[in-house]
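Below is one structure, written out as structure tokens; comments come after it.
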């Protein structure tokens with residue numbers, strides 16, 4: 001709590017604004033780790049109460065989507081591909097603050113699979129950036145299965161890919177064989193990216209949209225960005241691709257502020273009884 005208070009003071013100083021210039025206090029109340037959520041909520045409640053400011057509850061995943069608004073204003077309807085360590089979702093939006101999840105992971109999220117595979121390769125945590133760099137130095141020589149790519153739904157599954165990768169590496173070690181780390185990374189990433197791009201493009205065709213937003217930590221992945229740009233240009237040239245700046249792909253306060261602006265316009269407020277909701281689902285927030 002002491003550290004978060006210092007962060008608030010530093011943020012106000014860096015923004016060159018006073019507390020009197022604030023119109024509201026925004027806070028993430030889910031989804032996420034309950035300990036982190038409770039610290040943020042407690043600090044936000046105290047700050048809002050002390051300075052008589054409205055408290056705005058924000059869904060963490062909505063924040064990731066609205067990080068892309070720093071690139072350009074949204075045009076609706078739009079499709080959002082949310083890819084992070086805990087979530088892989090396709091979200092259809094008819095207007096600001098309206099979220100319809102049309103597809104999601106049935107097991108591991110894409111970012112989670114990246115981190116687990118990275119650990120097997122001896123990479124640092126989180127592994128996404130380093131694994132992406134290795135992938136650009138290798139080739140897709142192992143041709144992992146593209147899970148659920150031909151199914152008519154928009155759900156994802158990365159658990160099988162993760163297991164296949166781990167088994168390949170384990171079996172090679174048992175036989176005393178060495179595998180090319182770059183090729184392993186490239187093969188893994190090719191499978192993940194192809195599934196994400198294929199399902200996302202198909203969703204954009206079924207739900208005619210003006211923009212495609214890609215957000216979350218995995219949105220920083222160069223392989224995903226390049227494939228989406230190329231495929232979208234070829235198949236849906238009229239759909240605009242919006243991806244947040246690299247510094248806003250991970251968790252940050254700016255994205256929560258952007259999403260909170262929508263809550264402010266809609267008149268949504270929280271009282272001091274606001275609690276953490278670790279399993280909060282996008283689009284199912286309490287009014």
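In UniProt numbering, the protein residues as written are 1 to 287.
Beta carbons are placed, not taken as given, at the ideal position from N, Cα and C, and that holds for glycine.
Please read all numbers here as calculations on a predicted model, not as lab measurements.
- At the C-beta level, residue 243 and residue 219 come within 8 Å of one another.
- Straight through space, the alpha carbons of residue 31 and residue 188 are spaced by roughly 27 Å.
- Taking all protein chains in view, the Cβ of residue 7 is surrounded by fewer than 16 other Cβ atoms within 10 Å, so the residue is classified as exposed.
- Spatial neighbours of residue 71 in its own chain (CB-CB distance under 8 Å, excluding positions within 5 residues in sequence) are listed in chain order as 242, 243, 244, 245.
- Under DSSP, residue 104 takes part in a beta bridge, and its partners are 89.
- Across the set 43, 13, 106, 275, the C-alpha of 275 shows the shortest separation from the C-alpha of residue 34.
- Spatial neighbours of residue 134 in its own chain (CB-CB distance under 7 Å, excluding positions within 5 residues in sequence) are listed in chain order as 181, 182, 185.
- For residue 271, there is no enclosing beta strand (DSSP E), since its DSSP letter is neither H nor E.
- With contacts defined as CB atoms closer than 8 Å, residue 56 and residue 269 qualify as a contacting pair.
- Ranked by how close their Cα comes to the Cα of residue 262, the residues 171, 66, 48 have 66 in first place.
- Spanning the alpha carbons of residue 136 and residue 282 requires a straight line of approximately 33 Å.
- Under a 10 Å Cβ-count criterion, residue 64 is classified as buried, with 16 or more other Cβ atoms of the shown protein chains found around its own Cβ.
- Taking 8 Å as the cut-off, the beta carbon of residue 117 is found no closer than this to the beta carbon of residue 101.
- Rounded to the nearest angstrom, the gap between the Cα atoms of residue 198 and residue 149 is 7 Å.
- Between residue 24 and residue 48, the alpha-carbon positions lie close to 7 Å from each other.
- Ranked by how close their Cα comes to the Cα of residue 109, the residues 239, 193, 10 have 193 in first place.
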